[in-house]
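Enquirer: My questions all concern the structure below.
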Amino acid sequence: MPELPEVETVRQTLKLKILNQTISDVIIRYPNIVKYDELEFKNSVINQTLEDIKRKGKYIIFVLDQFVMVMHLRMEGKFFIKTTEPYDKHEHIIFKFKSGLELRYHDVRKFGTIHLLPKDGYEQLYPLSVVGKEPKDLDQNEFYKKIHLSKRPIKAVLLDQHIISGLGNIYVDETLFLAKIHPERLAYKITKNEADLLVESAKQVLDKAIKLGGTTIRSYTSSLGVHGRFQNELNVHTRQGLPCPVCGMKIIKIRVAGRGSYVCTRCQN
DNA sequence: AACGAAACCTGCGCGC
DNA sequence: TGCGCGCAGGTTTCGT
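In structure tokens form, the structure reads like this:
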């Protein structure tokens, strides 16, 4: 489900709904998601109160009194807030609150992760320590310096969260379209001006997507808070065979960096 | 050191 | 209808 705009939308919604709730119990139905000893995890978070909900790149950060829970939704992770309904087959972790509300983590493919970190200095600990800057915070010279010797296709570089965080398959395609750069172009062949334009385009794409509540494709069952409308604004992603909105040429789908990639070969070089 | 491929999982749509 | 394949908004680990 999530790239940065979807995670941000989820964060905002969760904050409205469960801030200041106190955890009374945790049900772990599929333990592999929790990257921590199961019993210790439970003992640590029970009786803790949710003080804030933050985000870094695609990670969502639940700040408790003495700990932080760092969650990554990977491909299909979603949250639901329920009360007493029976558990869905794909609800793997249930946080029960003293109020009777329940926060349920739902993940068909079970790729998601939860790390428990001490509150003190958690930003310097794995996994947050290896997350690169988001486009809005990324200095353009710094970005160019990081990519200008790389022999990877530019799309692979933009997907690399250590270098620049928040973009995923949808928003990389859209960013490359705005910057008029072909996803297969090797990073060292990107000029400084183009690199600057890439960072600018990424900011623009993410900002707009956040304003529209993210993108909803393929996930018909709505996740908490994500009623995205950015799918109506996509220029190329998912639009194979349709005309490029700029030049009218047919958009094609190719495979780059192992990912389905949509491109206008007239506009993007 | 750096790159691409495989692995982690499940479900859906397609062609035969 | 059933089966096998390819594909899916991500990241880490493995092998060259």
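Residue numbers (this note's numbering): 654 to 922.
All residues carry an ideal CB built from backbone N, CA and C; glycine is no exception.
As the structure is a prediction and not an experimental result, all values here were calculated from the model.
Kindly indicate which three-state DSSP category Glu776 falls into: helix, strand or coil?
Expert: Helix, per DSSP.
Enquirer: Enumerate in chain order the residues of its own chain whose CB-to-CB distance from Tyr841 is below 8 Å, with the five nearest sequence positions on each side excluded.
Expert: So the list reads Ile800, His801, Leu802, Ser803, Lys804, once near-sequence residues are dropped.
Enquirer: May I ask you to list the residues that DSSP assigns as paired with Asp860?
Expert: Paired residue(s): none; Asp860 is not in a bridge.
Enquirer: Spatial neighbours of Ile823 within its chain, please: C-beta separation below 7 Å, excluding the five flanking residues on both sides.
Expert: Only Glu656, Thr868, His890 meet the Cβ criterion.
Enquirer: For a quick check, are the C-beta atoms of Phe750 and Ile671 less than 8 Å apart?
Expert: In contact: Phe750 and Ile671 (Cβ atoms closer than 8 Å).
Enquirer: What whole-angstrom Cβ distance do Lys906 and Ser914 have, given they're in contact under 8 Å?
Expert: The Cβ separation is near 7 Å, so the contact holds.
Enquirer: For Lys772, tell me which candidate among Thr766, Ile816, Leu781, Gly765 has the shortest Cα-Cα distance.
Expert: It is Leu781.
Enquirer: What are the uninterrupted segments assigned as alpha helix (DSSP H) that are 4 or more residues long and contained completely in the region 829 to 914, given in chain order?
Expert: The qualifying runs are 845 to 864.
Enquirer: Does the count of Cβ pairs from the region 728 to 742 and the region 758 to 770 closer than 8 Å reach three?
Expert: A contact exists between the region 728 to 742 and the region 758 to 770.
Enquirer: Could you tell me how far apart the beta carbons of Phe715 and Leu703 are, in whole angstroms, since I believe they sit closer than 8 Å?
Expert: Phe715 to Leu703, Cβ: 6 Å. Contact.
Enquirer: Please give me, in chain order, every unbroken run of the alpha helix (DSSP H) with length at least 4 that falls completely inside the region 733 to 783.
Expert: If we require 4 residues or more, the region 733 to 783 turns out to have no alpha helix (DSSP H) run fully inside it.
Enquirer: For Pro806, tell me which candidate among Thr766, Ile843, Tyr683 has the shortest Cα-Cα distance.
Expert: It is Ile843 whose Cα lies nearest to the Cα of Pro806.
Enquirer: Given that a residue counts as buried once 16 or more other Cβ atoms are within 10 Å of its Cβ, and exposed if not, what is Gly894?
Expert: So Gly894 counts as exposed.
Enquirer: DSSP three-state call for Lys711: helix, strand or coil?
Expert: DSSP places Lys711 in coil when its eight states are reduced to three.
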